[in-house]
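Below is one structure; the comments refer to it alone.
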Amino acid sequence: MAETDVFSESGSESGRGESRRAAGGNRLLAVARYEGGRKVRGSVALSVLLSLVTAMYVGLYPSITSSGVDLDAYIQSLPPAFQEAFGVETLTTIEGFLAVELYQFAWVLLLGVYFAYSAASLVADDVEHNRMDLLLSTPTPRGAVVVGKFLAMLVPILVVNAVVFTAVLVGTTLVDEPIATVDLLAAHALSVPYLLACSAIGLLLSVTLDRASIAQRGAIGVVFGLFLLETVTANTDFEWVGALAPTRYYDPTAILVNGEYGLVGAAVLLGATVLLVAVARAWFRRRDLA
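Going by our numbering, 260 is the number at position 226 of the sequence shown; the sequence numbering is gapless.
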């Protein structure tokens, strides 16, 4: 009889544990859905803005190439540091032109900074304005809040990539400069790990700082600072230091111009993202919100 009771209690505890995990998972998804829904409008606005920029670049390209200017000679006259920073290889093809003008600048630098900035307010804004206590009283585990809010960043990342991919594909076809669909798809797909890594940097700052504005400025500084670090240490004895920068692992020029996809770099970025989110989750579970 005693043995039966032991097994019964053990099974009951196991069942309760599974129920708690299931409830935690449901709350995580609920947080992700709610936060993701709040980001749809901003994601569409950002996508439209970038699509207009894309249309401008694609529309200008035929007139630039017909001008007779030796663009590659112009590239060679640029400082090596500039060529290294923005992955400038050629401007005489639509792939090389868009890689420099759209992807290396707007995607790698501006969007990287933007998503880090956006993620930096995910937790800090609720803490600063005393909304976090209300959310945690539902009750929702702290870990579910952090991970759910981070997963919501997939909404703007995926929406922007899908819309601009379509804009580039259609635009280049209309100006009779079709771009390789597979390479273009790879450039956008492989930007997802990069943008997630930038977002994870912002998330880590968001859980460690109480004021969203400070976390956002810190996120901008960290992502841009890492970009500069990789740029200034390139081709030097300190090049290994640049391995800390997410930009080291995503190169749209290599994808679009040379067809080199850099899957190892994508795996490194995903690993870094998981690590940063795990650290942010662990930190927030233990911090005092008083």
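Backbone N, C-alpha and C define an ideal beta-carbon position, used for all residues, glycine too.
What's the call for residue i, buried or exposed, on a 16-neighbour Cβ count within 10 Å?
i      : result
TRP274 : exposed
ALA231 : buried
ALA196 : exposed
THR88  : buried
GLY93  : exposed
THR307 : buried
LEU260 : buried
SER233 : buried
ASP210 : exposed
LEU262 : exposed
Are the beta-carbon atoms belonging to residue i and residue j less than 9 Å from one another?
i      : j      : result
SER152 : MET187 : yes
TYR137 : ALA221 : yes
GLU162 : ARG245 : yes
ILE213 : GLU129 : yes
GLU294 : LYS183 : no
VAL179 : LEU169 : yes
VAL241 : ALA314 : yes
GLY255 : THR267 : no
LEU303 : PRO227 : yes
Compute the beta-carbon to beta-carbon distance between residue i and residue j, rounded to the nearest angstrom, for a pair I have assumed lies under 8 Å.
i      : j      : result
ALA150 : ILE235 : 5 Å
ALA229 : GLY146 : Correcting the residue identity first, residue 229 is Leu in this sequence and not Ala. At roughly 7 Å, the Cβ-Cβ gap stays under 8 Å, so LEU229 and GLY146 are in contact.
VAL194 : SER100 : About 31 Å; that fails the 8 Å criterion.
SER85  : VAL189 : 17 Å between Cβ atoms; not a contact.
ALA66  : LEU185 : 4 Å
Work out the CA separation of residue j and residue i for me, nearest whole Å.
i      : j      : result
GLY288 : PRO96  : Before going on, a small fix: residue 288 reads as Ala here, not Gly. Computed Cα separation, rounded: 22 Å.
ARG72  : PHE272 : 43 Å
ALA253 : PHE199 : 27 Å
PHE131 : VAL291 : 9 Å
ASN164 : GLU264 : 38 Å
PHE258 : ASP285 : 16 Å
GLN250 : ILE98  : 38 Å
ALA316 : LEU243 : 15 Å
THR206 : VAL216 : 14 Å
VAL40  : LEU297 : The pLDDT assigned to VAL40 is 46, lower than 50, so where the model puts this residue is not dependable; a value taken from the coordinates is nonetheless given after this. For VAL40 and LEU297, the distance between alpha carbons rounds to 51 Å.
VAL74  : SER171 : 26 Å
VAL142 : VAL204 : 22 Å
ASP322 : ASP167 : 11 Å
LEU208 : ASP160 : 46 Å
TYR148 : THR270 : 29 Å
LEU63  : THR126 : 47 Å
PHE318 : LEU192 : 27 Å
ARG320 : ALA158 : 15 Å
GLY305 : ALA133 : 25 Å
ALA79  : LEU144 : 16 Å
LEU83  : VAL202 : 13 Å
ALA223 : ALA140 : 16 Å
Does the beta carbon of residue i fall short of 8 Å from some heavy atom of the ligand NAP?
i      : result
ALA316 : Questions concerning the ligand NAP fall outside what the structure shown contains, since it holds no ligand whatsoever.
Is the segment 172-181 touching the segment 277-295 in the sense that three or more CB pairs, one from each, lie closer than 8 Å? no
Do the segment 236-244 and the segment 152-163 make contact, defined as three or more Cβ pairs closer than 8 Å? yes
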